[in-house]
Every structure is written in C-alpha cells, then in structure tokens.
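As structure tokens, the structure follows; a few thoughts come after it.
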C-alpha cells in the first residue's frame, strides 16, 4: 500500500473506530451495571441450621408475549434459575408470577419451559401464581421458600438485585441465607440487558425525584409491575 493511499484510509479508520466506540458504549454500560448488580446484597450464604431443603431458588416472573408464547426474557430468567439450582435432591425451583384470568400464568409458562425443555424434574418445581409485581413476587414466594437452608433469587442481574433489596426490607431475618444466582455472564443476552438497564436507570431516577418532591405533593403509589 502506497503512503498516499494509506493517508487517505487513515481518516476513514479513525471515523470507524469512533463509530464502533460510540455504538458499543451502551453495551459496555449495561454490562458494567449488570456485573455490579449481580454482586449486590448477596448475603453471607449462611445455611439455616433448622432449614428443611438444601436450597430454594425463587425465579421472578415476566409476562408472556401477546401471542401467548414464551417471552425471551422468560426464557433467560428460567435458564438463570435452572443453572443456579443446587444438585441436591431436596432443592426447589419456585416460579412466581400471575397473569390475566383464564390465561397461563407467568409461573406456569416458565415452569413448563424448565420442565419440558431444560429437563428439571417436576418434583423440584413449585408455583406461585398470584403475584403481579416484583414486590409481590417476593412477598408471595417467601412462605414457600423460607424453610430452606439457603435462598437464591434468580432473574436478570439488575432485576434480581431489586428482588434481594425487597427481601431485605420484607424479611431481614432471611437475608443472611441468600446465596448468589449464576446470573451474570459476559455479553450473555446483551440485547436484553440494554433495555433492562435503561428501565432500571429510569426507575431509579423517578424514585429519586419522588423522594425529593415537595412534601405537599401526594405520595406516589407503588407502580404496577415494579
């Protein structure tokens, strides 16, 4: 390659490098946020001495598609839950999530995928089919899980971290039993991590704005699906 041709290509190479850097920045940010979230509020993993069952994995639900098929986020959360499940015979996988009257619930759809596709024995699966928010996921699933020696909350990393925060608020006596889910792998489902990171950042900003709003304003109710 001649020096003249190389000089002509150099600006294009620089522009391409800048374009790649700009395009990859959101992915890098989403990966960083997910990595940090996966390490938050993990508990010390101390097993409850009187617990029955080695581990309970609570898999947080998500709605199916409008066509009634399994949503990619449901698949991902289920896969995280399954790979986080200890091999002990008495470990349980608890799917939590409701749905419209007469429809297959979030928990049923995700449990079906775990059982029929991922090979989890039906005897290891439990369902909670009333929850409509993350807060309710934790509230309603804890009575099923609280007798286990260790607890795991399985979802995408940012959502699972929120679930652990809720557990700390609802049942601080159970927080020490938390053990981490296998919920973070580099670039795993990065196309889903992007909108999730955007949602969680927007949600955090909204909550911060509500906390700093004038006292005369009515206190906002917990949003559906939070």
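In this note's numbering, the protein residues as written are 38 to 263. Ideal placement from N, C-alpha and C gives every residue a C-beta, glycine not left out.
query: Taking C-beta to C-beta, are residue 280 and residue 191 nearer than 8 Å?
result: Outside the displayed span of the chain (38 to 263) sits residue 280, for which this structure offers no information.
- request: For chain D, find out if any of its Cβ atoms is closer than 8 Å to the Cβ of residue 104; answer yes or no.
  value: The chain inventory of the structure shown lacks chain D, comprising one protein chain alone.
query: Between which two residues does the alpha helix (DSSP H) containing residue 188 stretch?
result: If you look at residue 188, you'll find it isn't in any alpha helix (DSSP H); it sits in the beta strand (DSSP E) that goes 187–191.
message: Considering Cα atoms alone, identify which of 145, 75 and 125 is closest to residue 101.
response: The candidate whose alpha carbon is nearest that of residue 101 is 145.
- prompt: What are the residues that DSSP puts in a beta bridge with residue 92?
  reply: Residue pairing by DSSP places residue 92 opposite 187 in a beta bridge.
- request: Name the one or two DSSP bridge partners that residue 163 has.
  value: Residue 163 is bridged to 131.
task: Give a yes or no on contact between the region 61–74 and the region 130–146, applying the rule of three or more CB pairs nearer than 8 Å.
output: Touching, no.
Under the three-state DSSP convention, the category residue 229 falls into: Residue state for residue 229 is assigned as helix, using DSSP reduced to three classes.
- prompt: When the Cα atoms are used, what is the spatial distance from residue 222 to residue 121?
  reply: Take the alpha-carbon of residue 222 and the one of residue 121: they are about 13 Å apart.
Integer Cβ distance of residue 72 from residue 226, believed to fall under 8 Å: Actually they are not in contact, since the Cβ atoms of residue 72 and residue 226 sit about 14 Å apart, beyond 8 Å.
query: Helix, strand or coil for residue 215 per DSSP?
result: DSSP places residue 215 in strand when its eight states are reduced to three.
- prompt: Residues in its own chain within less than 7 Å of residue 125 by CB, not counting five upstream and five downstream?
  reply: Answer for residue 125: 91 and 92, listed in chain order.
query: With DSSP run on the structure shown, which of helix, strand or coil describes residue 97?
result: Assignment of residue 97 by DSSP, reduced to helix, strand and coil, places it in the strand class.
- prompt: Helix, strand or coil: which one does DSSP assign to residue 150?
  reply: DSSP places residue 150 in the helix class (H, G or I) of the three-state scheme.
- request: Indicate whether residue 195 and residue 70 have their beta-carbon atoms separated by less than 8 Å.
  value: In contact: residue 195 and residue 70 (Cβ atoms closer than 8 Å).
query: Are the region 202–214 and the region 163–182 touching by the rule of at least three beta carbon pairs closer than 8 Å?
result: The region 202–214 vs the region 163–182: in contact.
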